[in-house]
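Take a look at the structure below.
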Amino acid sequence: MELSDFSAVTIAGTSQSLAAYRGDVALIVNVASECGFTGQYEGLQALYTEYAAQGLTVLGFPCDQFGHQEPGDEATIKNFCETRFAVTFPMFAKIDVNGAAAHPLYDWLKSSKPGLLGTEAIKWNFTKFLVGRDGIVIKRYAPADKPLSLRSDIERALAQSPPPGTASRSIA
Numbered sequence: 000m001e002l003s004d005f006s007a008v009t010i011a012g013t014s015q016s017l018a019a020y021r022g023d024v025a026l027i028v029n030v031a032s033e034c035g036f037t038g039q040y041e042g043l044q045a046l047y048t049e050y051a052a053q054g055l056t057v058l059g060f061p062c063d064q065f066g067h068q069e070p071g072d073e074a075t076i077k078n079f080c081e082t083r084f085a086v087t088f089p090m091f092a093k094i095d096v097n098g099a100a101a102h103p104l105y106d107w108l109k110s111s112k113p114g115l116l117g118t119e120a121i122k123w124n125f126t127k128f129l130v131g132r133d134g135i136v137i138k139r140y141a142p143a144d145k146p147l148s149l150r151s152d153i154e155r156a157l158a159q160s161p162p163p164g165t166a167s168r169s170i171a
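The opening residue of the sequence shown carries number 0 in numbering that gives the first Met the number 0; numbering runs sequentially from there.
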C-alpha cells in the first residue's frame with residue numbers, strides 16, 4: 000500500500016484521490032480548531048509556503064475524537080483555517096483516526112509507523128506523518144513536535160527523486 004491507494008472527501012465535499020499527490024512529499028496531520036496545538040496551523044502553512052514549489056504538500060484532516068476540539072462542520076472549519084491562519088494547503092472533511100470508523104488512510108498510516116512502544120492509536124490532535132515521494136510513510140511525529148522542527152526531515156525527503164513515471168507538482 001501507498002498514499003496513492005487512498006481517497007478522501009475534501010473540505011468542500013468532493014472525493015479526491017490521493018494519487019493526485021503521487022511524487023510529492025506529504026505531511027499528513029489530524030487537526031482541530033480548539034486544541035492547545037491549534038497554533039501549529041501557522042507552522043504547517045509556513046512549511047507549505049516554503050516547500051510547495053519543491054514538492055511538499057500538507058494534508059489536513061480535521062478530527063473531533065479528542066476532547067470535542069473540532070466541533071464545527073466543514074464550512075466552519077474551512078472559514079476558521081482561512082481567516083485565522085491563511086491556510087492554503089489541502090484540507091479534508093472531518094474524519095475519525097481511531098476506532099472502527101477510522102478512515103482507511105489512518106489505519107494504514109498507524110500500522111506503517113506505530114507510535115511509542117509500538118502503539119498504533121493516535122493519541123491526540125496534530126499527530127503528523129511524513130510520506131516520501133514514493134508514497135511510503137517515512138516517520139511519525141508526536142503532537143508536541145512543532146512543524147518547523149521537521150524541516151531537516153522534509154528537506155531530506157524532498158531531495159529524493161520522484162519514482163519513475165511521476166513528477167512532483169510545482170506550485171507557482
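Glycine is no exception: its CB is placed at the ideal position from the N, C-alpha and C atoms.
According to DSSP, residues forming a beta bridge with residue i
{"i": "D95", "result": "A101"}
{"i": "G59", "result": "V28, M90"}
{"i": "A7", "result": "Q15"}
Whole-angstrom distance between residue j and residue i, CA atom to CA atom
{"i": "G117", "j": "D106", "result": "14 Å"}
{"i": "S6", "j": "C80", "result": "22 Å"}
{"i": "K77", "j": "S14", "result": "16 Å"}
{"i": "P146", "j": "T9", "result": "22 Å"}
{"i": "A19", "j": "F60", "result": "16 Å"}
{"i": "F65", "j": "N124", "result": "7 Å"}
{"i": "P113", "j": "A120", "result": "8 Å"}
{"i": "D152", "j": "P103", "result": "25 Å"}
{"i": "Q44", "j": "Y140", "result": "17 Å"}
{"i": "G38", "j": "N29", "result": "13 Å"}
{"i": "L55", "j": "L149", "result": "12 Å"}
{"i": "N97", "j": "K109", "result": "9 Å"}
{"i": "G12", "j": "T75", "result": "13 Å"}
{"i": "C133", "j": "P161", "result": "It should be pointed out that residue 133 corresponds to Asp in this sequence rather than to Cys. Rounded to whole angstroms, D133 to P161 spans 7 Å at the Cα level."}
{"i": "Y40", "j": "R21", "result": "23 Å"}
Residue i: first and last residue of the uninterrupted alpha helix (DSSP H) it sits in
{"i": "G42", "result": "39 to 50"}
{"i": "A74", "result": "73 to 84"}
Identify every run of the alpha helix (DSSP H) within the stretch 124 to 159, keeping only runs that are complete inside it and at least 4 residues long; order them along the chain. The DSSP assignment places 150 to 158 as complete runs of the alpha helix (DSSP H) inside the stretch 124 to 159, in order along the chain (cut-off: 4 residues).
Could you tell me whether the stretch 84 to 95 touches the stretch 58 to 72, where touching means 3 or more Cβ pairs closer than 8 Å? yes
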